[in-house]
Each structure stands twice: as C-alpha cells, then as structure tokens.
Amino acid sequence: MSKSFYLETFGCQMNVVDSERIVALLNDIDYRQVDQPEAADLILLNTCSVRDKAERKVFGHLGRFKPLKDRRPSLIIGVGGCVAQQEGERFLDKVPYLDLVFGTHNIHKLPAMVRQAEIGRGQIQETEFLDRETRLSLFPERSEGDSCTRFVTVMQGCDNFCSYCIVPHVRGREVSRPSGEIVREVRELAQMGVREITLIGQNVNSYGGKEADEIGFAELLRRVHDVEGVERIRFTTSHPKDLSDELIDCFGELPKLCSHLQLPVQAGSDRILKQMNRGYTRGQYLAKVDRLKQVCPDIRLTTDLIVGFPGETEEDFRQTLDVVRQVRYADAYTFLYSPRPGTAAAAFDNPVSQMEKQRWFDELLEVQTAIGRDIWAGDVGSTLEVLVEGESRQKGGQLFGRSVWGRIVNFDGDPALIGSLVEVRINRSLRNSQQGELVTAAAV
Ligand code: SAM
Ligand code: SF4
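Just so you know, the sequence shown maps onto residues 870 to 1313 in our numbering.
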C-alpha cells in the first residue's frame, strides 16, 4: 500500500526545483504527496538559510510536528536544504525526534534514507559535498510538473563569495550542466506542450565559464531560442559582473526572450559594493542598465537590495536610493542585512543601529513602491500578451497568466485557453498583480 508525505519548501527557485525533484523521487518509491502533515507518514522541510534567523525558524516549524511524532512514533520527520547542509549533525543532536537530515548535494539519496528510517535505523544524516563529476551526473533529467511554464536548471552552486552570502558555503562550487543536455530537455518539454522556459542557476549568466569546452550563456540562450514550440524564455538570477555585451544584445536579437531582467544591485555605493565583494562599481552597473535600455527600450528591471550592511552610512544609503531612482526598477526585493554565520561579513564591525537600518529600509520601500506603482499603473488601457497558466485561486472562474514582464494578470476566460498566448487589456493595476479582460481568445 502506498504511503504519504507532506513537504514544505522555503526560499528561492533553486529550492522549488529541488522540491520538485524530492516529489519525483518519493513518487518513485510509492509515496504520494498530501496537503496536511496530520495525514502523512513522512514530513519533510526543504529549508533556506539565505536570510533571517533561518535555523531558529526551522526549529519553530519542527516543533509543530513533535506532537504528531509523540502520538505516532512511526512518523518519519526529515530536514533538507541549506540549513540542513549547514547544521548537519548538530540538528540531530538538538532535535531528538528528527529522523533524517539531507544536504543540498544528497537529494538523490533520499529514497534510500527513507527506506532505512522505515525499518528504524535511527537518525540518518547525509550532508557531504560531492565531487563535480558526480554532481554533473546527478543533474535532474527533466523538471517535473504539469504547467505550461517550467524551470530548467543550467548550473548549480556559486563561486562568487559575496561577503554577506551563505550560498557558496551551503551549495558548493559552481558546475554547469552540458549544453547538449539542457537543449535536449528544453526540446522534450516543448514537445510536451511547455511554452515558457526559465533557465535557472545561482549565477546563471556565468554559465559555462568554468568548463573548458562549454559554450557561454548567450550562445546557450540562442540554442534554446531555436527550439520549436518554445514561445518565451526567461533566466534568473544573473550577476551584473557577468552581464556581457553579447548577453545584453540577446535582448535586442531574440524575440522569444522576455523583456524582463532580474539584476540584483544590492547597494548603490562603491564603498559598500567593494566590501560586499560584488565585483562591479555603481558606474559599471549603471552603464550596463543604459545599454540594456538602448538595446531593448521596453525592458523592465527588477532587483535585490540589502539595507544596513556593516559600516553603511547615511551617504552610502543615499547612493542606493539614487540608483533606485535612476534605474526605475519595476520591482525590488528589499532585505535588512542579517549576518550569516561563516560568511566574511559576519566578522565585520556593524555600528549601524537597528533603528537607523529600519528607517532606511522603510524609506527605500516607500521610494521603490511609488516607482513600481507608477510603472505598473502605466499599463492600464494597454493590451498585453499573456501566457495563460491556469485558473486563478483567488477569484473563482478567472484565469491567470503572466505578461512578458512576469506580472500576474487575472481575467475572465475559458479554461481551454490554459497553455496559450492571448491578448488581455489591462483595466486595473493592483499591488502584486493586474486585472484585465480578454481581447483575443485565439492563440497569438
Ligand atoms: N545570486 C544572486 C545575486 O548574486 O544577486 C542572489 C542570490 S541570494 C540567494 C538572494 C538575495 O538574498 C541576494 O540577492 C541578497 O539580496 C539577499 N541576501 C543574501 N544574503 C543576505 C544577508 N546576509 N542579509 C540580507 N540579505 C541577504
Ligand atoms: Fe550569493 Fe553572491 Fe553567489 Fe549571489 S553571487 S549566490 S549573492 S555569493
């Protein structure tokens, strides 16, 4: 008889993709996913340690499951992802009712770990980093899911060591998947009806750079662009220092490449960028943005920003605000700096007071929100191409999809349109989405 599992995922797209893989691996051993932990034989948390007090949060979540384990000792509880990678054995010591801890390189071992736990083999931990050949051989063969949009992992890990960031420590060095495999996966997905491909990696545009015989990211984009059936291409996340002129030109040359780019700036002051070890100056970043706007005038940029980095001054912060005003981002993920144990910046002196940081954060949010609101409100009255992804969860009877800029658009329509490109006139712009009406029901 098949068993059931409950899975919670935290953090970034890499974790979402890892969770898809976890679901597929567990399905292979006859475990079916359920929505309620109470109904599960196996509970898994796929964790993220990029921001905040990640470890503490995971303990909080695990605490919710303890009464279930007390009532049903055969219940298996496991933790994977970045926090598991970082904490390893300490996790098992601190949480005696935890059965499994698996690191970012060990997802493929999950079925065997679950089987061991089923026969009561005690606490099991797999958190060692694998060598590059093994990692390359373990890239998921195909992303899972039933949507017309799909993530395709092209590289994993990161070699940049930004001073605040835990990723290189918990995901390991950069490896790029062979381009032939990526294009084959995209071709298969297109044949299955997938219309939009998002190429993902921690530092996606450094693709191929560390492999002797591999093509670069711009050429990879061109090859994916050639795949028949693919209508839209996106990629994330790119590092500004690896945004080459050749890649910028792709935005002018490849019609299927969506005119949206997530280009994390993090800070606007050269002094702070240097201490963050970002590898570019404010001037270099702004020059790339200018070039992007020349090559693709309707491009919309989004970004990540960190406020309150150790040693940041009022003047540094003003420079960040200035970049935000100059670039006019359509959206931004703004974060209060939080020290991540083991990173270089965790050892930096941080004289900035919490109150100061919060004041900056609030001001930044206010400025960015006003700019974003303006940009999205400018779409009202225009007709946009939308790829219909499914039925809207919020409002019964409505469909939802995305414009080329990645914004959710809700509108009334026939579910038969799911998976096709349609034209929608935008009537209202809301905080995180837009509301519209169908103009053409036929695929465009
Ligand atoms: N690779 C991408 C890049 O270089 O821009 C970003 C990846 S990181 C997983 C996502 C975002 O988390 C970063 O862009 C940064 O803004 C934020 N972040 C990472 N470490 C942080 C920290 N210690 N405190 C606050 N925000 C942090
Ligand atoms: Fe972290 Fe920097 Fe790598 Fe992005 S590029 S994942 S911020 S170390």
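The C-beta atom is built at its ideal place from N, Cα and C for all residues, glycine as well.
Check, Outcome
"Please state whether the Cβ-Cβ distance between LEU914 and VAL948 is less than 9 Å.", "yes"
"For MET1061, which option in VAL1044, LEU1068, SER1045, VAL1099 has the closest C-alpha, if you only look at C-alpha atoms?", "VAL1099"
"Contact between the stretch 954 to 962 and the stretch 872 to 888 is defined here as three or more beta-carbon pairs at a separation below 8 Å; is this criterion met?", "no"
"Identify whether GLN1195 lies in helix, strand or coil by the three-state DSSP scheme.", "helix"
"What residues come near the ligand SAM, if near means a beta carbon less than 6 Å from any of its heavy atoms?", "CYS881, VAL919, ARG920, TYR1033, CYS1034, VAL1036, GLN1071, ASN1072, THR1106, HIS1108, PRO1133, GLN1135, ASP1173, ILE1175, PHE1204, TYR1206, SER1207, ARG1209"
"Mind reading off the beta-carbon distance from SER1138 to HIS1108? Whole number of angstroms is fine, and I expect it under 8 Å.", "In fact, because the Cβ distance is near 18 Å, the residues do not count as touching under 8 Å."
"Would the beta-carbon of PHE1086 be found less than 8 Å away from any heavy atom of the ligand SF4?", "no"
"Flag this pair as yes or no: are the beta carbons of VAL1255 and VAL1293 separated by less than 9 Å?", "yes"
"Going by CA-CA distance only, name the one from VAL885, SER918, ASP1218 that's closest to ARG1209.", "SER918"
"For ALA1216, does the count of other Cβ atoms within 10 angstroms reach 16, so buried, or fall short, so exposed?", "exposed"
"Taking ASP1095 as the reference, give the member of THR1106, GLU1122, VAL1176, ASP897 with the closest Cα.", "GLU1122"
"Select from ASP899, ILE1287, GLU1225, GLN1237 the residue whose C-alpha is nearest the C-alpha of GLU1184.", "GLU1225"
"Find out if the Cβ-Cβ distance for the pair LEU967, ARG1019 is shorter than 9 Å.", "no"
"Would you say GLN1135 and ILE1175 are within 9 Å of each other, going by their C-beta atoms?", "yes"
"For a minimum of 3 consecutive residues, which ranges assigned as the beta strand (DSSP E) are wholly contained in the stretch 1038 to 1111?", "1065 to 1069, 1101 to 1105"
"Look up SER871 in the DSSP assignment and say whether it is helix, strand or coil.", "coil"
"Whole angstroms are fine: how far does the CA of VAL1257 sit from the CA of LEU1290?", "6 Å"
"Is the beta carbon of CYS1027 within less than 8 Å of some heavy atom of the ligand SF4?", "yes"
"Threshold first: 3 residues or longer. Then list the beta strand (DSSP E) segments lying entirely within the stretch 1121 to 1206, N to C.", "1129 to 1131, 1169 to 1176, 1200 to 1205"
"Alpha carbon to alpha carbon, how far is ARG901 from ASN1029? Give it in angstroms, no decimals.", "38 Å"
"Residues in the same chain with beta-carbon distance under 6 Å from TYR1198, minus the five sequence neighbours each way, listed in chain order, please.", "LEU1170, THR1171, THR1172"
"Compute every distance between the C-beta of PHE879 and the non-hydrogen atoms of the ligand SF4, then say whether any falls below 8 Å.", "no"
"Could you have a look at LEU961 and say whether DSSP puts it in helix, strand or coil?", "helix"
"Check whether the Cβ of CYS951 sits closer than 8 Å to any heavy atom of the ligand SF4, and report yes or no.", "no"
"Compute the distance between the beta-carbons of GLU1054 and GLN1025, then report whether it is under 9 Å.", "no"
"Let me confirm a value: ARG933 is counted as buried when at least 16 other C-beta atoms fall within 10 Å, else exposed. Which label applies?", "exposed"
"I think LEU1089 touches ILE1051, with their Cβ atoms under 8 Å apart; what is that distance to the nearest whole Å?", "7 Å"
"With DSSP run on the structure shown, which of helix, strand or coil describes ASN896?", "helix"
"Taking 8 Å as the limit between beta carbons, can you name the residues of its chain near SER888, skipping five residues before and five after?", "LEU876, THR878, ASN915"
"Which runs of the beta strand (DSSP E), 3 residues or longer, sit entirely within the stretch 924 to 980?", "945 to 950, 969 to 971"
"DSSP state of VAL1257, grouped into three classes?", "strand"
"Our contact map puts LEU1337 next to GLU907 with C-beta atoms below 8 Å; I'd like the distance itself, whole angstroms only.", "Summary: the structure shown does not reach residue 1337, with the chain confined to residues 870 through 1313, and so no result is reported for it."
"ASN1301 by DSSP, collapsed to three states: which one?", "coil"
"So, helix, strand or coil for THR1018, using DSSP?", "strand"
"Since I believe LEU1155 is in contact with LEU1130 (beta carbons under 8 Å), could you give me their beta-carbon distance rounded to a whole number of angstroms?", "That pair is no contact at about 14 Å."
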